[in-house]
Amino acid sequence: MTPVNRFHSLAVVLALFALGSCSETIEPKPLTYTQLLTGTEKKTWTLTSFEVLDEGESSGVLPARNLFNNSCEADDQFVFYANGERKYEYTNGPTKCSSNEPDVLLTDTWSFVNANATLEFAFPVLSSGRLPFIVKSLTATSMTMEIYLDDLDASYRFSFASSNE
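Letter by letter, the sequence shown follows residues -23 to -1, 1 to 142 of mature numbering (1 follows the signal peptide of the UniProt record, and there is no 0).
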């Protein structure tokens, strides 16, 4: 075998070895809490139920419509954006209470602290200001969060559903 042929043979063997050893295992990366909350651009959540825990006693899970005076309020939506500003909107659902009511009822920002799973945002059901909620569970389509009221020895647990992933 001539030196040129040996070189070509060696080059082919090295190329095959290099191609065979380049198989990189792609590990799926689990979504973070914020990605589950916002989706890739924005995600819309609807309040589905709530529970009051008062001095350790549970009210049982109640439908969200029990929180509102009007059924038109029960379908309002919470929209969390994945943008850098962490925009948040509280919007009218499909049913408006009056024809001149705006589509967007509140615009604010949200924040999330991974260390203690705290989601802070304005929750008009309780207050127009930002409140700290502990996220109890969060998937692509459901979220349960709780706020503790130390002075009352009570907490409120809210469950949401999202139809867009």
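Cβ atoms here follow ideal geometry from the backbone N, Cα and C, with glycine treated the same way.
In this structure, how does DSSP classify residue 104 when only helix, strand and coil are distinguished? Coil.
Q) Across which residues does DSSP place residue 134 in a beta bridge pair? A) For residue 134, which the question treats as bridged, DSSP gives the partners 28, 123.
- Item | Cα-Cα separation between residue 20 and residue 9, rounded to whole angstroms | If you draw a straight line from the Cα of residue 20 to the Cα of residue 9, it comes to about 14 Å.
inquiry  = Going by beta-carbon coordinates alone, are residue 135 and residue 27 separated by less than 7 Å?
reply    = Cβ distance < 7 Å, so residue 135 and residue 27 count as in contact.
Are there three or more Cβ pairs, one per stretch, closer than 8 Å when the region 55 to 71 is compared with the region 32 to 46?
Counting Cβ pairs under 8 Å, fewer than three are found: no touch.
Practice task
Return helix, strand or coil for residue 2, following the three-state DSSP convention.
Solution key: Note: residue 2 maps to coil in three-state DSSP.
- request: Rank 83, 120, 116, 112 by C-alpha distance to the C-alpha of residue 93 and give the top, closest one.
  value: Of 83, 120, 116, 112, the residue nearest in Cα terms is 112.
If we ignore side chains and look at the alpha-carbon of each, how far apart do residue 87 and residue 108 end up? Roughly 10 Å between the two C-alpha positions.
Scan the region 47 to 98 and note each continuous alpha helix (DSSP H) run of 4 residues or more that stays entirely inside, going in chain order.
For the region 47 to 98, whole alpha helix (DSSP H) runs of length 4 or above, ordered along the chain, are 48 to 51.
- [ ] Using beta-carbon positions only, say whether residue 54 and residue 23 come within less than 7 Å of one another.
- [x] Contact: yes.
### Message
Within a Cβ cutoff of 6 Å, which residues of the same chain sit near residue 100, ignoring the five residues on either side of it in sequence?
### Response
Correct list, in chain order: 108.
Selected residue, minimal CA-CA separation from residue 32, among 117, 138, 49, 132: The candidate whose alpha carbon is nearest that of residue 32 is 132.
| request: State the beta-bridge partners of residue 38 as determined by DSSP. | output: Answer is none; residue 38 lacks a bridge partner.
Beta-carbon proximity of residue 82 to residue 65, cut-off 7 Å | Taking 7 Å as the Cβ cut-off, residue 82 and residue 65 do not qualify as a contacting pair.
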